[in-house]
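Participant:
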Amino acid sequence: MTKFAIRGLLSRKLRTALTAIAIVLGVAMISGTYVLTDSIDQAFDRIFTDIRKGSSAVITGRSAFDLSDGSGVTDPTLGESLLGEVRELPSVAQAEGSVDSDATQLIGDDGKAVVSGGAPNLGFSIANGDSDFNPLTLVDGAWPGPNEVVVDKETAADQGFEVGETIGVQAEGPVERVRVSGVVEFGSGLTIGGATLAGFDLATAQRLFKKVGRLDEIAIAAKPDAPDAELVRQIKEILPPGAQVKTGNEQAQSDSAETSEFISFLQTFLLAFGGIALFVGSFVIANSLSITIAQRTREFATLRTIGATNRQVLGSVMVEALVVGTLASIVGLFLGLALAKGLFRLFDAVGFTLPNSGLVFEPRTIFVALAAGILVTFLASVYPGFRATMVPPIAAVREGASLPDEPLDRVRSTLAGALMTGVGVIVGVVAITTTPGNSLVSALLAVLGLVLTLFGCALFPSRTLGAIASCALGFAALVYGLFVPGLGTTSVLLWMGVGVLLVFFGVARVTTRLIPSLAAFMSPIARWSVFALLVLFWPFFTLPYWLLRYGAWGPGAPGKRVLAFVGGALLNPLILVLVLAMWLRKGVTHWAPEWPAEFPSVIPDRSTTRVGSENARRNPQRTASTAAALMIGLALVTLVATLAAGIIASFEGAVNDLWKNSDSDYAITAQNNFSPIPIDAANAAAQAPGVVAVMNVRTGEVRAFKETIFATAVDPTARELIALKWKDGSQDVFANLGADGVFVDDGYADSNDLVVGSPIDVTFPSGSTETYVVKGIFDPPTGGSPFGNVTLSTEAWDAKVENPRNLYTFIAIDGDENDANTRALEEALAEFPNAKVQTRQEFIDNQIAGLSSVLNILYVLLALSVIVSLFGIVNTLVLTVFERTREIGMLRAIGMTRRQVRRMIRHESVITALIGAALGIVLGIVLAALLIARVDFLVFSFPTTQVIVFVIAAVVVGIVAAIFPARRAAKLDPLQAIAYE
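One point on numbering: in my numbering, the residue at position 570 of the sequence shown is 570, and numbering is uninterrupted.
1) By Cβ distance below 7 Å, which residues in the same chain neighbour Thr912 in space, the five residues on each side in sequence not counted?
2) When the Cα atoms are used, what is the spatial distance from Val317 to Leu337?
3) Using C-beta distances below 6 Å, list every residue in its chain close to Gly417, excluding the 5 sequence neighbours before and after it, in chain order.
4) So who's on the other strand from Trp726, going by DSSP bridges?
5) Considering Glu148, what are the terminal residues of the beta strand (DSSP E) in which it resides?
6) Indicate whether Val640 and Leu870 have their beta-carbon atoms separated by less than 8 Å.
7) Would you give the residue range spanned by the alpha helix (DSSP H) that Val692 belongs to?
8) Whole angstroms is fine: what's the gap from Asn656's alpha carbon to Leu721's?
9) Tell me, which residues are paired with Ile291 by DSSP?
10) Following the continuous alpha helix (DSSP H) through Asp732, name the residue where it begins and the one where it ends.
11) Any idea which residues DSSP pairs Thr763 with across the strands?
12) Roughly how many angstroms lie between the CA atoms of Ala564 and Leu571, to the nearest whole one?
13) Compute the beta-carbon to beta-carbon distance between Pro676 and Ala119, rounded to the nearest angstrom, for a pair I have assumed lies under 8 Å.
14) Quick check on Asn856: buried or exposed, where buried means 16 or more other Cβ atoms within 10 Å of its Cβ?
15) Where does the unbroken alpha helix (DSSP H) through Asp798 begin, and where does it stop?
16) So Val947 and Ile921 are in contact, right, with Cβ under 8 Å, and what is the actual spacing, rounded?
17) Relative to the C-alpha of Ile905, which residue among Val868, Gly895, Val960, Phe950 is closest?
18) Are the CB atoms of Ser256 and Phe984 within a distance shorter than 8 Å?
19) What are the complete beta strand (DSSP E) segments, minimum 3 residues, inside the stretch 153–231?
20) State yes or no: is the beta carbon of Ser491 nearer than 8 Å to at least one beta carbon in chain B?
21) Rounded to a whole number of angstroms, what is the C-alpha to C-alpha distance between Val697 and Asp753?
22) Could you please give the first and the last residue of the uninterrupted beta strand (DSSP E) stretch that includes Leu106?
23) Fully enclosed by the stretch 336–360, which beta strand (DSSP E) runs are 3 residues long or longer?
24) Quick check for students: name the residue ranges of the alpha helix (DSSP H) that lie wholly in the stretch 445–487, counting only runs of 4 or more.
25) Compute the Euclidean distance between the alpha carbons of Val637 and Val926, then round it to the nearest angstrom.
26) So, with DSSP's three-state summary, where would you put Leu136?
27) What residue does the beta strand (DSSP E) around Lys836 start on, and which one ends it?
28) Figure out for me which residue from Asn818, Gly145, Arg345, Gln105 has the closest Cα to the Cα of Gln838.
29) Give me the residue from Gly690, Ser941, Gly194, Leu215 with the minimum Cα distance to Ala203.
30) CB-CB under 6 Å to Ala205, same chain, minus the five flanking residues each way: which ones, in chain order?
31) Drop a sphere of 10 angstroms on the beta-carbon of Ile432, count the other beta-carbons inside from all chains shown, and report buried for 16 or more, exposed for fewer.
32) Okay, do the stretch 11–28 and the stretch 859–869 touch, 3+ Cβ pairs below 8 Å being the bar?
33) What separation, rounded to the nearest whole angstrom, lies between the Cα atoms of Ala682 and Pro765?
34) For Gln900 and Asp605, I'd like the C-alpha separation in whole angstroms.
35) Under the three-state reduction of DSSP, which class applies to Ser984: helix, strand or coil?
36) Output the boundary residues of the alpha helix (DSSP H) element that contains Leu89.
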């Protein structure tokens, strides 16, 4: 039976290849994800190893609690006097102190800050350029002296910086002019993902970073005969409070660990899209095998007649699936290497440049990618395989024999379905609720439970009953994960993931019952939407093509042909290139030119489209399975679009609610919209003519009630610019905060039983704990507010936080938002190129722009599942053409033209795509509404424009998917087709 299965695959190469593509793309995403994240991980490891290569021990400041990335505050600094004490220790051979800053902005020749998307702008001191502590290598010039800087090779090339040139640098104060003394790179030739590097001598760096007399770390090299452990012991004896020491290797591992959380998130994030693509691919595989098995009914019956058992028939189907899955997984595994490069470029294009030291291909990548692809193919083939065993031997002598629609033993199937579904639910619940601390174990057991549940729902003899069970369980999981309090992040994500997949499966199953009505409803929409698109395309594609083709091959007078050729070339030069390629091929071969895709006339053909509509309805299960693949992709795209629309609407509403004087207020942010800006910039803006009030917002992490929270600090002038909805208090709270007052949001007050007058202990990164008094409680707008859970005065904040910086500055100015006021503020900030002046609407648009970059990444990644569904439609149509070969031959024999055959196939394809789009859009909006109902700061906003675009995209997908099957059907010889068996 193994030889029989392999020979069967070889005899159906096209169908096998089309089925395999779905697995290839999904496995490529998984393989590419691991290659990408492993490459990033290795790059960071090498960077941190290079940085610590000469250090036996490293002293740094120690925060009183763990700070997250983007915390807004930094670890405490060290007194410079500690460096002298360290150098006196008996085991110390060399010790150097350094300072650094993540907001050191280089200024280009155009006077603008050098910004590279979301990449950091790193500044640091180089105490001794030739020291073993220095990981950099000089490419050109010399190490920096007073008022000098070295810049990285990439930035120097991009900006045209040359050694000896004077450039601007802005750090914690106004821009200063420094001389470029050299160009550097990491010793290993690595780049830090688009980051700009600026190195100074220690004194210059301390002045620029406002850390005079302070150090961020001290690197120490031990004497040759001194063990690192002994060195660390000696250092610990002189360490002041708020300082810590680690060996060089431990510090490198600690530095690298800080990036591990990001890499882990990125890996999980991208693997989710690979899993989605494989889930969509499973529908394609199951549908393809079901169609193939239905077409081979007499073949399986013949096997049964000559003695093949049910086990052997099932085995042959499973062997076919395993061979296809294995070959497709191997191709996808290596395609993942190319995809990883593409992902690097994608993140680079949207401003998230990632470090890269070359692609890393770990054995784990091979195992996981191959296992995922083969397992998904195997599982998707089980149900079609069991259907193949239901073929009775008598079908071998029946013309037009087909598979039975329902299992023979309905009671046994119902019991088996209920039992397996129950086991799957138990396994899934146990996995998510009892193993939350081990995300890998939870995920694997949750997947097992999901698979058992899906198989159980599929075993029910009634598709409707199985669909209802799947949808009910899915929505129950969603509601539980979203609305039950106290669940951890891993548990919530697992409940949501399992719930969404169960809902998808259930909707796909129940759609079979709706196909006749949906196809009839979609038929006129498909006809007129294709008509509309062809009307738009006709002047740009159809007309130039036929003009060029007429000019190339005639018939007609030479003058007319020349005019037609020139006119077509002017209308669309791209079509000219294609026609010239066709012309060349015709000249060197016996090929008869035929356009690879139909550009039909714009007049709809009702009789042909009616046949296409009936074809879509005649096999509801096939149409539903094909549409389900596209449904899943568009449901997720619609979910993202609806959430994005809700975020945007909520943010705009919140800004409009909070902004007190919308016609006369401005905002100042960093050029990249999210980095901190120096307090001196706000002080400079306050000197602009007409400024009435300036409000600074500072933010950072603190500890209160045994948890780390984001706190903010504001000026008393906030009452002039911000209008809060006070639950207890008034606008006077801003002015009354003083050195000991705070105000909190309503939710935080309820969670911690706070009222006006309650004390609250706040711990800062330095370890200092202060008791404050609650002086107001406000109700934040739906879209959120610029204030954290706890808000202090800037006076109190600056007394406890080292090197405070602003996140935003809001300004009230006489008169409306106008060019004169904008110019006055920009002139006041001339010495702060990294500060950006914005009106209210500009502030909203620029904050939303960051969301747009993230959305673009999501859309590109979700496009993979849409591409898989596209091949699913192509595969179904190709298999359908094989199945209907005799039927198409008879239609051709009674007068149907090739163009009408193509239209018939295309109409069926577009109907299928529109059904998938309609179900996906509705399902995506429902899922988004559930999520928005759970999140307090979001409002529901219908993404009208995006939905229209998605519908148009679905029509285009249907048209594109039909090109190859339609051509294949149109080229069938009528007589040979009628004789086809």
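Using N, Cα and C, we set each Cβ at its ideal position, and we do this for glycine too.
Facilitator: Quick look at the numbers:
1) Closer than 7 Å at the Cβ level, and outside the excluded window around Thr912, lie Ala616, Thr623, Thr626, Ala627, Ile873, Gly958.
2) C-alpha separation (whole angstroms): 31 Å.
3) The answer, listed in chain order, is Gly456, Leu459, Phe460.
4) According to DSSP, Trp726 bridges with Phe778.
5) Glu148 -> beta strand (DSSP E) spans 148–152.
6) With respect to Leu870, Val640 sits apart: the two C-beta atoms are not nearer than 8 Å.
7) First-last for Val692: 691–704, but that is the beta strand (DSSP E), not the alpha helix (DSSP H).
8) Straight-line Cα distance between these residues: approximately 12 Å.
9) Within the DSSP bridge table, the entry for Ile291 names no partner.
10) Residues 732–736.
11) DSSP lists Arg703, Thr769 as the bridge partner or partners of Thr763.
12) Between the alpha carbons of Ala564 and Leu571 lies a distance of about 11 Å.
13) Between Ala119 and Pro676 the Cβ distance is about 16 Å, and since that is not below 8 Å, they are no contact.
14) Classification of Asn856: exposed, given that the 10 Å Cβ count is below 16.
15) 794–800 is the extent of the alpha helix (DSSP H) around Asp798.
16) Yes, Val947 and Ile921 are in contact; Cβ-Cβ is about 6 Å, under 8 Å.
17) Checked all of Val868, Gly895, Val960, Phe950; the closest Cα to Ile905 is Val960.
18) In this structure the chain extends from 1 to 981, so residue 984 is not present and cannot be described.
19) Within the stretch 153–231, the complete beta strand (DSSP E) segments at least 3 residues long are 166–170, 176–186, 196–200, 217–222, listed from N- to C-terminus.
20) Here there is only one protein chain, and chain B is not present.
21) About 26 Å.
22) Segment 105–107, the beta strand (DSSP E) holding Leu106.
23) Secondary structure within the stretch 336–360: not one fully enclosed beta strand (DSSP E) run of 3 or more consecutive residues is present.
24) Fully enclosed alpha helix (DSSP H) runs of 4 or longer: 463–483.
25) So the alpha carbons of these two residues sit roughly 13 Å apart.
26) Leu136 falls in the strand class under three-state DSSP.
27) Where Lys836 is concerned, the enclosing beta strand (DSSP E) stretches over 835–839.
28) Cα-wise, what sits closest to Gln838 is Asn818.
29) Nearest C-alpha to Ala203: Leu215.
30) Within the same chain, and ignoring the five residues on either side of Ala205 in sequence, the residues whose Cβ sits closer than 6 Å to its Cβ are Val99, Ser125.
31) Buried: at least 16 other Cβ atoms inside 10 Å.
32) Short answer: they touch.
33) About 25 Å.
34) A straight-line Cα-Cα distance of about 8 Å links Gln900 and Asp605.
35) This structure cannot speak to residue 984, because the chain is shown only from 1 to 981.
36) The continuous stretches of alpha helix (DSSP H) do not include Leu89, and DSSP gives it neither H nor E.
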